[in-house]
Amino acid sequence: MSVSSNEIASIVQQTLQQYRPYRGFTFRSPAITVTGGHCVNQLGDILLELGATHVLLVADKMVYQLGLTTGSENAIRLAGLKLTLFTGVEGEPDSRLIARGQAVLSTSKADFVLGIGGGSALDAAKAIAVIGDYQGPLTAFKVGGIASRQVGLGAIPTTAGTGSEVTDITVIKDAELDIKVPVKGPALVPDLALLDPALMLGVPAGITAATGVDTLTHAVEAYVSRQTNPLSKAYAYHAIEALIKALPVAVGYGQDMDKRYDMAVAAYKAGLAFSNAGLGLTHAIAHQIGARYHLPHGVANAILLPYVMAFNALSCEADYAEIANALGVSREAMTQRDRCRAAILTVRQLVVDLGLPTSLADVGITEQDLALLAEQAMQDICLQGNPRQVTPVQIVELLKQVIAGQLPEGYC
Ligand SMILES: [Fe+2]
Numbered sequence: 000m001s002v003s004s005n006e007i008a009s010i011v012q013q014t015l016q017q018y019r020p021y022r023g024f025t026f027r028s029p030a031i032t033v034t035g036g037h038c039v040n041q042l043g044d045i046l047l048e049l050g051a052t053h054v055l056l057v058a059d060k061m062v063y064q065l066g067l068t069t070g071s072e073n074a075i076r077l078a079g080l081k082l083t084l085f086t087g088v089e090g091e092p093d094s095r096l097i098a099r100g101q102a103v104l105s106t107s108k109a110d111f112v113l114g115i116g117g118g119s120a121l122d123a124a125k126a127i128a129v130i131g132d133y134q135g136p137l138t139a140f141k142v143g144g145i146a147s148r149q150v151g152l153g154a155i156p157t158t159a160g161t162g163s164e165v166t167d168i169t170v171i172k173d174a175e176l177d178i179k180v181p182v183k184g185p186a187l188v189p190d191l192a193l194l195d196p197a198l199m200l201g202v203p204a205g206i207t208a209a210t211g212v213d214t215l216t217h218a219v220e221a222y223v224s225r226q227t228n229p230l231s232k233a234y235a236y237h238a239i240e241a242l243i244k245a246l247p248v249a250v251g252y253g254q255d256m257d258k259r260y261d262m263a264v265a266a267y268k269a270g271l272a273f274s275n276a277g278l279g280l281t282h283a284i285a286h287q288i289g290a291r292y293h294l295p296h297g298v299a300n301a302i303l304l305p306y307v308m309a310f311n312a313l314s315c316e317a318d319y320a321e322i323a324n325a326l327g328v329s330r331e332a333m334t335q336r337d338r339c340r341a342a343i344l345t346v347r348q349l350v351v352d353l354g355l356p357t358s359l360a361d362v363g364i365t366e367q368d369l370a371l372l373a374e375q376a377m378q379d380i381c382l383q384g385n386p387r388q389v390t391p392v393q394i395v396e397l398l399k400q401v402i403a404g405q406l407p408e409g410y411c
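In this text, residue positions in the sequence shown follow numbering that gives the first Met the number 0: the first is 0, and each later residue adds one.
See below:
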């Protein structure tokens, strides 16, 4: 029986896809990162450097109405570039919004998509840039990922949290199937990430707190992920080190440009860390709670993180001890277990200090749907990175602790 060259090529490709070199890793990040107060003024030159001639600006409706896109619009026009606006992003982006944005991109013939806003606007811009005129269900993208795009892509966050400005993922709701679909692939990593803390000065304290703890969760979960790598660990460690100093001040005094800057860079670092290393059980459960109870993502993470850390400590006590160093609560006389415990309790205390809820009971969640939540969390892609293997029964038991607001024995 003869085998065609196409069949041989297919077998080779499948084998290569399945083979992960031992301890090997691939690390992706934006081609250009620009940071600094009012650095949005540099936007025109950077876009010219990236070869853009016509920019489609995708923004949150509120961000646009607050005038936070004005600096970018001026910089783009001053550089002699054409500009088309798509400023209708409200709430979580769905497939209908993406189709409308894609139609504007196609009609305008813009060659660069620039997202400005919170995670929703950046996710929308990324999807508009990569999905093209595809009309079918978004679930088609779930497995293969997206490797290429035809236009340039940039992201300017106005909150410090999701890290969407650097990650290779966008989450879009499929309006027909009524489910959130994570779309993933190298083409979703923006060419440009621009971090201007001046755009973040007006973010309310509650949102600053919740998005900041989302950043902390990205960093902690990336640091201990089964799929982590040395670069992700370095970025995650330094994100934690900066965040523990900057976040309480940014929540308490939102006009502090230095701390807003530190938080913007911490969110960027944590985004790079998890985009290349994966996440864990906190995000796997938070996604289900967010979808079912419409709880903001950062708030769900804030409630869950200390409990998941306590659960995972069996598998990653040494890593949590290192995180205690980053948090500034490690002392020479402490054992590894002491340091691990100090890290968990410091995270818990931070959540309390920021005024965020510390139990699921605080946000009105009862034991009614725990089995279903556990089953759904087991299917979440983020679970693959969790350092400890987990069963649905263990997730239910953990969630009972989170409802009661009671950390397990040894962490109280
Ligand atoms: Fe997150």
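Ideal Cβ positions, reconstructed from N, Cα and C, are used throughout, including at glycine.
Span of the beta strand (DSSP E), counted from its first residue to its last, around residue i
i	result
K183	178 to 183
V362	Taken as a continuous stretch (DSSP letters only), V362 belongs to no beta strand (DSSP E), as it is neither H nor E.
V54	53 to 59
T34	31 to 34
F310	F310 -> not in any beta strand (DSSP E); alpha helix (DSSP H) instead, spanning 296 to 326.
G87	81 to 88
T214	Per DSSP, T214 belongs to no beta strand (DSSP E); it is in the alpha helix (DSSP H), 204 to 223.
G153	151 to 156
T161	Careful: T161 lies outside any beta strand (DSSP E) and carries neither H nor E.
I380	Unbroken run through I380: none, as it is neither H nor E.
L191	191 to 194
T169	168 to 173
Heavy atom of ligand 1 within 7 Å of residue i beta-carbon
i	result
T216	yes
T365	no
T69	no
D195	no
T52	no
T161	yes
N415	Residue numbering for the chain in the displayed model covers 0 to 411; residue 415 lies beyond these limits and cannot be assessed.
H282	yes
H296	yes
D213	yes
Where residue i falls, given that 16 or more other Cβ within 10 Å makes a residue buried
i	result
Q388	exposed
H282	buried
S147	exposed
L313	exposed
E48	exposed
R22	exposed
V150	buried
Q378	exposed
N5	exposed
G118	buried
I115	buried
T69	exposed
A332	exposed
6 Å CB neighbourhood of residue i in its chain, flanking five on each side removed
i	result
L56	L84, L113
D195	C38, V39
L230	F26
A320	Q335, R338, C339
P486	Given that the chain is displayed from residue 0 to residue 411, the structure contains no residue 486 and the question cannot be resolved.
L152	V112, A128, P189, D190
K232	Y222
L271	S28, V165, Y234
A263	A159, L194, P196
Other residues of its chain near residue i: CB distance less than 8 Å, five sequence neighbours each side excluded
i	result
D361	I302, G404
V248	D255, K258
Cβ shell of residue i (< 7 Å), same chain only, five flanking positions each side left out
i	result
I127	V57, I97, G100, Q101, L104, V112
I75	L42, G43, L46, V54, L82
A186	V129, I145, A146, S147, R148
A290	K179
L375	A quick correction: the sequence has Gln, not Leu, at residue 375. Closer than 7 Å at the Cβ level, and outside the excluded window around Q375, lie Q287.
E366	K399, I402
E91	S119, K172
L395	According to the sequence provided, residue 395 is Val. The question's Leu does not apply to it. Same-chain partners within the cutoff: L369, A370, A373.
Residue range of the unbroken alpha helix (DSSP H) whose run includes residue i
i	result
I127	118 to 130
G270	256 to 276
I288	280 to 292
V351	335 to 352
V453	Since the first residue shown for the chain is 0 and the last is 411, residue 453 is missing from the structure and cannot be characterised.
K399	391 to 403
D44	42 to 48
I145	Taken as a continuous stretch (DSSP letters only), I145 belongs to no alpha helix (DSSP H), as it is neither H nor E.
V103	94 to 107
T68	It is not in any alpha helix (DSSP H) - T68 carries neither H nor E in the DSSP assignment.
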